[in-house]
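**Student:** My questions will all concern the structure given below.
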Amino acid sequence: MSYFSNVNKINYEGSKSSNPLAFKFYNPEEKVGGKTMEEILRFGVAYWHTFTEDLSDPFGTGTAIRPWDKYHGMDRAKARVEAAFEFFEKLNVPYFCFHDVDIAPEGDTLKESNENLDTIVAMIKDYMKDSKTKLLWNTVNNFSHPRFVHGAGSSNNADVFAYAAAKVKKGLEVGKELGAENYVFWGGREGYETLLNTDMKLEMDNLGRFFHMAKDYANEIGFNAQFLIEPKPKEPTSHQYDFDVASGFAFLQNYDLQGVFKFNIEANHATLAGHTFEHELHYARINGMLGSVDANQGHPLLGWDTDEFPTDLYSTTLAMYEILKNGGLGSGGLNFDAKVRRESFTPEDLFHAHIAGMDSFAVGLKVAQRLIDDNVLDGVVEDRYKSFKNGIGLEIVQGNTDFHKLEEYALGLTEIKNESGKLERIKAAINQYLLTTFTEE
Ligand code: XUL
Ligand code: CO
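As structure tokens, then:
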């Protein structure tokens, strides 16, 4: 049975192709800076947005036409697995990601939910034997069900804390069973609405305990995946505990978890926090904490998590710049935590959307590699900070000075000369690289 019978395998046809079902820029075998695009970009499909999502919004019901929706319950879950592996194969993606409830429906009891999961996980494992597509990461949904109304690991209700722990325990077992390369914790409802009824210290201490127990259990069962925290500033709660990389990093240091986690950075979460995507990637990178990426983009005019497919080439370029400077993503990848718009409801739109995202990151990769090869941004930065290369600047960075010496030096200064930051010149250079990288080929 085929779920995407109108679509053949998506091939690279080059920038002149007018075939909507072909890659124009993503050529998996093409080498960029010594590695293939496939090795660097490590694209992943998000199961929830592609196979579970119905495209409903707060004002309207779902519009998605999905051939597997003619089934119900476990039959639909099984049909989704069949559709998913057909999709992975046709799109030629190396990875996928899921939450527990994306792949298998919850039962009436935890035991029944676990049994449903076992059935679907066994089926996925079977499909993975004949597929090149591997599990980038899995996670559990500890936020949708009404039991998580007050949070999970930060709930005021100890029974819910226990239930959430049991779900993560199962999630770690599933990750091990399917060879997940990472395991993700997104805060979900780990945050609060108002301090008027919240013991923030207890909630954060409990979250710290939760993560330690999760790592202990992963070690116990020999599940070596990289643990990732995915920051998000708001939505669903107004104050999420892992607001951004900086606050997440402080949390990890506070609770002695720095060596256990890296960050999974999502573009739309970065912009919701009032940062750029590249700011979050950079903050994680300079602290050795950049683990993986949820590739999407927010709508510039809307203030919520719109999870659009990434098509902004300026953003993918600056993101790929950070990723290349990081030496790649290690066990991480670029997971499309992105959904087609409500009006893009056909099964083919799922291909168009992923092709757009993959091509956009392929462009970003090639432009970023050229910016690095030609030392465009590094040269600018090096020049801008040259005052710390010798004289008093070198003494400051070497720790050889103090306020007495600095005052003495400052008193001797007759003139302070600053130089231009050359911002417009730099932006023009990036535009030049963006526009010429492909026309010159
Ligand atoms: C929510 C979000 C999640 C995580 C995984 O905004 O990004 O889908 O990626 O739980
Ligand atoms: Co995400």
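If you're matching positions, the sequence shown starts at 1 in our numbering and goes up one per residue. Glycine is no exception: its CB is placed at the ideal position from the N, C-alpha and C atoms. The model shown is predicted, which means the values in this text are computed figures rather than measured ones.
Using the beta-carbon count (16 or more within 10 Å), is Ser17 buried or exposed?
**Tutor:** Flag for Ser17 reads exposed.
**Student:** Could you tell me if the beta carbon of Glu266 falls within a distance shorter than 6 Å of some heavy atom in the ligand XUL?
**Tutor:** Yes, Cβ of Glu266 sits closer than 6 Å to a heavy atom of the ligand XUL.
**Student:** Using CA coordinates, which residue listed in Asn287, Asp242, Lys215 and Met37 is at the minimum distance from Val260?
**Tutor:** When each option's Cα is compared against that of Val260, the closest is Lys215.
**Student:** Leaving out five residues before and five after Gly107 in sequence, what residues of the same chain have Cβ atoms less than 6 Å from its Cβ?
**Tutor:** Around Gly107: Ser113 and Asn116.
**Student:** Report whether the distance from the Cβ of Glu462 to the nearest heavy atom of the ligand XUL is below 6 Å.
**Tutor:** Missing from the structure shown is residue 462; the chain here goes from 1 to 441 and no further.
**Student:** According to DSSP, is His275 part of a helix, a strand, or is it coil?
**Tutor:** His275: coil per DSSP, three-state reduction.
**Student:** Please report the distance separating the alpha-carbon of Ala295 from that of Thr276.
**Tutor:** One C-alpha to the other measures close to 13 Å.
**Student:** Take the Cβ of Phe87 as the centre, count every other Cβ of all protein chains shown within 10 Å, and call the residue buried at 16 or more, exposed below.
**Tutor:** When all chains shown are included, Phe87 counts as buried.
**Student:** May I ask you to check if the CB of Asp477 is nearer than 6 Å to at least one heavy atom of the ligand CO?
**Tutor:** The question about residue 477 has no answer here: the residues shown for the chain are numbered 1 through 441.
**Student:** At a threshold of 6 Å, does Asp305 count as lining the ligand XUL (C-beta to nearest heavy atom)?
**Tutor:** Asp305 Cβ: within cutoff of the ligand XUL.
**Student:** To the nearest angstrom, report how far apart Ile120 and Lys167 are at their CA atoms.
**Tutor:** Their Cα atoms are separated by approximately 16 Å.
**Student:** Considering only their Cβ atoms, is the gap separating Val93 from Val45 smaller than 7 Å?
**Tutor:** Going by C-beta atoms, Val45 is nearer than 7 Å to Val93.
**Student:** Does the region 31–45 come into contact with the region 375–383, if we say contact requires no fewer than three beta-carbon pairs (one atom in each stretch) closer than 8 Å?
**Tutor:** Short answer: they don't touch.
**Student:** Which residues bound the alpha helix (DSSP H) around Val81?
**Tutor:** Unbroken alpha helix (DSSP H) run through Val81: Gly73 to Leu91.
**Student:** Which same chain residues, not among the five before or five after Lys169, have their C-beta less than 7 Å away from its C-beta?
**Tutor:** Here the set comprises Tyr217.
**Student:** Flag this pair as yes or no: are the beta carbons of Ala362 and Phe25 separated by less than 7 Å?
**Tutor:** For Ala362 and Phe25, yes; Cβs fall inside 7 Å.
**Student:** For Lys9, count neighbouring Cβ atoms within 10 angstroms of its own Cβ and tell me buried if that reaches 16, exposed if not.
**Tutor:** Per the 10 Å Cβ criterion, exposed.
**Student:** Report all residues from its chain with a CB closer than 6 Å to the CB of Gly208; omit the five preceding and five following residues, and keep chain order.
**Tutor:** Hits under 6 Å: Tyr255.
**Student:** What three-state label does DSSP hand Ser292 in the structure shown?
**Tutor:** Strand.
**Student:** Does the structure place the region 48–63 close enough to the region 317–329 that three or more beta carbon pairs sit under 8 Å?
**Tutor:** With a cut-off of 8 Å, the region 48–63 and the region 317–329 do not count as touching, because too few Cβ pairs lie within range.
**Student:** What's the call for Pro300, buried or exposed, on a 16-neighbour Cβ count within 10 Å?
**Tutor:** Pro300 comes out exposed.
**Student:** On a Cα-Cα basis, can you pick out the residue from Gly298, Val245 and Met204 that is closest to Asn287?
**Tutor:** Selected option, being the one with the closest Cα: Val245.
**Student:** I want to check one thing, is the minimum distance from the CB of Thr50 to the heavy atoms of the ligand XUL below 6 Å?
**Tutor:** No.
**Student:** Determine the closest residue to Asp337 out of Glu266, Asp199, Tyr95 and Glu177, with distance taken between C-alpha atoms.
**Tutor:** Checked all of Glu266, Asp199, Tyr95 and Glu177; the closest Cα to Asp337 is Glu266.
**Student:** Determine the direct distance from the alpha carbon of Thr439 to that of Glu181, and round the result to whole angstroms.
**Tutor:** For Glu181 and Thr439, the distance between alpha carbons rounds to 37 Å.
**Student:** Among Pro105, Glu89 and Cys97, which one has its Cα closest to the Cα of Arg76?
**Tutor:** For Arg76, the nearest C-alpha among the options comes from Pro105.
**Student:** In its own chain, which residues sit with a C-beta less than 6 Å from the C-beta of Phe143, not counting the 5 before and 5 after it?
**Tutor:** Gly188 and Arg189.
**Student:** Is there a C-beta anywhere in chain B that falls below 7 Å from the one on Leu350?
**Tutor:** Within the model displayed, chain B is absent; a lone protein chain is all it includes.
**Student:** I need the straight-line Cα distance from Glu53 to Leu228, nearest angstrom please.
**Tutor:** Straight-line Cα distance between these residues: approximately 23 Å.
**Student:** For Trp304, count neighbouring C-beta atoms within 10 Å of its own C-beta (all shown protein chains included) and say buried if the count is 16 or more, exposed if not.
**Tutor:** Classification of Trp304: exposed, given that the 10 Å Cβ count is below 16.
**Student:** Compute the Euclidean distance between the alpha carbons of Tyr47 and Asp312, then round it to the nearest angstrom.
**Tutor:** Distance between the alpha carbons of Tyr47 and Asp312 is about 23 Å.
**Student:** My assumption, with CB atoms under 8 Å, is that Tyr433 sits in contact with Arg342. Please give the rounded CB distance.
**Tutor:** Contact doesn't hold; Cβ gap of about 35 Å is too wide.
**Student:** With respect to 6 Å, is the separation between the Cβ of Phe294 and the closest non-hydrogen atom of the ligand XUL below this value?
**Tutor:** The sequence shown places Asp at residue 294, rather than the Phe named in the question. Under cutoff, so the answer is yes.
**Student:** Report buried or exposed for Pro20, applying the criterion of at least 16 other Cβ atoms within 10 angstroms of its Cβ.
**Tutor:** So Pro20 ends up on the exposed side.
**Student:** To the nearest angstrom, report how far apart Thr198 and Met204 are at their CA atoms.
**Tutor:** Going by the C-alpha atoms only, they are around 11 Å apart.
**Student:** Output yes or no for whether 7 Å exceeds the beta carbon distance between Trp137 and Val174.
**Tutor:** No, Cβ-Cβ distance for Trp137 and Val174 is not below 7 Å.
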